[in-house]
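Residues in the sequence shown are numbered from 1 upward in steps of one, following the UniProt record's numbering.
Virtual Cβ for every residue (Gly too), placed ideally from N, Cα, C.
Fair warning: this is a prediction, and the values are worked out from it, not measured in the lab.
Comments concern the structure below.
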Amino acid sequence: MSQRLANQPLQSAQQLWAQLVIQAEEPLLLLLDYDGTLVPIQDKPDLARPSAPLYESLITLSKQQNLIIAIVSGRDIRELKSFLAIEGIYYVGGHGAEMEDLHGNRYNFVNQRIEWIESLAEIACQCIGSHEGFLLERKKTSFAFHYRLACPSIASVVLEQYRKKIQRILEIEKLEMVEGKKVIEVRPAYINKGTAVLQLMDRYSQHRPLYMGDDKTDEDAFKAIAGYGFTSSTVLISENPKPSYAFYRMRNSQEVVQFLQILSMRCSDGSIQSAVPP
Ligand SMILES: O=P(O)(O)OC[C@H]1O[C@H](O[C@H]2O[C@H](CO)[C@@H](O)[C@H](O)[C@H]2O)[C@H](O)[C@@H](O)[C@@H]1O
Numbered sequence: 001m002s003q004r005l006a007n008q009p010l011q012s013a014q015q016l017w018a019q020l021v022i023q024a025e026e027p028l029l030l031l032l033d034y035d036g037t038l039v040p041i042q043d044k045p046d047l048a049r050p051s052a053p054l055y056e057s058l059i060t061l062s063k064q065q066n067l068i069i070a071i072v073s074g075r076d077i078r079e080l081k082s083f084l085a086i087e088g089i090y091y092v093g094g095h096g097a098e099m100e101d102l103h104g105n106r107y108n109f110v111n112q113r114i115e116w117i118e119s120l121a122e123i124a125c126q127c128i129g130s131h132e133g134f135l136l137e138r139k140k141t142s143f144a145f146h147y148r149l150a151c152p153s154i155a156s157v158v159l160e161q162y163r164k165k166i167q168r169i170l171e172i173e174k175l176e177m178v179e180g181k182k183v184i185e186v187r188p189a190y191i192n193k194g195t196a197v198l199q200l201m202d203r204y205s206q207h208r209p210l211y212m213g214d215d216k217t218d219e220d221a222f223k224a225i226a227g228y229g230f231t232s233s234t235v236l237i238s239e240n241p242k243p244s245y246a247f248y249r250m251r252n253s254q255e256v257v258q259f260l261q262i263l264s265m266r267c268s269d270g271s272i273q274s275a276v277p278p
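In structure tokens, the structure reads:
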């Protein structure tokens, strides 16, 4: 399976809804990435807070019987829930390293020692020196080196050094480096969003998945879902077409929230029942 310059553009959230209604014969497993999908990208990770319409529509949707929601993020669940705490939905954190189910039970899929996070942080600090605009994020089982606010020419030199210096640790500790939106993330190589969504698809095998995501780490999920046979169940969030395993494309998180609002309105007026029967 290969990536394609893709993504059938959807003209609007209405259009995705229309596609769903036409295709839907099963209940829905709605898999949603957080940063860049549910909320727009911000200068700093702390600033990416959910909007009121997003919160309201997710709360409505979380109460629907024929709909399972999972937020699938590179952030830790604890942090994600400090932004967006909703009962009755799944949380997948750390790019798939941890999961919280509908009843609040937590599962961890990384049992190895993670001293390497501190080693990577030390190397990052050495490379940064006195330069400004860099930000280190130590998570439970992954490490993010952010450079969104750094001067681009300085960032390219600093990051080049960092990539070289961490190679040995990546090999010894069996880690994977993923280049995301103005961030270099490192996580255990066997953990990714694809493995997490496969678990959920197995658990909800009667449900049709719909995954929305905007970044490199979401490609693992797009690929896993397509490999499972749901070739048109994926939406890339991107202003412009780009190589992706996703089938559809929406432009931004505003359109995603509009789609969720439409879905929650249909749930409230009962029409979701005919679109997505039990
Ligand atoms: O899987 P996601 O939910 O999309 O999380 C991916 C990473 O998102 C965050 O970083 C990104 O968003 C920040 C806030 O908009 C932005 O400042 C940064 O440049 C982006 O890379 C988060 O900080 C990471 O931990 C997540 O892994």
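Between which two residues does the beta strand (DSSP E) carrying residue i extend?
i	result
S53	Sequence check: residue 53 is Pro here, not Ser. No beta strand (DSSP E) contains P53, which is instead part of the alpha helix (DSSP H) from 52-62.
P209	208-213
L159	Counting along the chain, L159 falls outside any beta strand (DSSP E), though it belongs to the alpha helix (DSSP H) covering 152-173.
I68	67-72
A144	143-146
Y107	106-108
E137	135-138
E100	98-100
R249	248-250
Looking at the unbroken alpha helix (DSSP H) that takes in residue i, where does it start and where does it end?
i	result
T217	216-227
L80	77-83
Mapping the DSSP letters down to three states, classify residue i as helix, strand or coil.
i	result
V183	strand
T234	strand
E255	helix
S205	coil
V92	strand
P27	coil
S130	coil
P243	strand
R266	helix
L16	helix
L198	helix
D35	strand
P40	coil
E115	coil
E176	strand
Q261	helix
State yes or no: is the C-beta of residue i nearer than 8 Å to some heavy atom of ligand 2?
i	result
A144	Ligands in the displayed structure: ligand 1; ligand 2 is not one of them.
Determine, for residue i, whether the minimum Cβ-Cβ distance to residues of chain C falls below 9 Å.
i	result
T37	Among the chains in the structure shown there is no chain C, since it carries only a single protein chain.
*Is the stretch 209-227 touching the stretch 169-177 in the sense that three or more CB pairs, one from each, lie closer than 8 Å?*
no
_Given 8 Å, three or more beta-carbon pairs between the stretch 41-49 and the stretch 63-72_ = no
*State whether the stretch 148-164 contacts the stretch 119-137, with contact taken as three or more CB pairs (one from each stretch) at a distance under 8 Å.*
yes
_Quick check: the stretch 204-213 against the stretch 222-239, are at least 3 beta-carbon pairs closer than 8 Å?_
yes
_Check whether the stretch 88-102 and the stretch 65-77 are in contact - that is, three or more C-beta pairs closer than 8 Å._
Because the criterion of three Cβ pairs below 8 Å is met, the stretch 88-102 and the stretch 65-77 touch.
*Validate contact between the stretch 233-242 and the stretch 104-113 using beta carbons, cut 8 Å, 3 pairs*: no
*Could you tell me whether the stretch 177-184 touches the stretch 195-207, using the rule of 3 or more Cβ pairs below 8 Å?*
no
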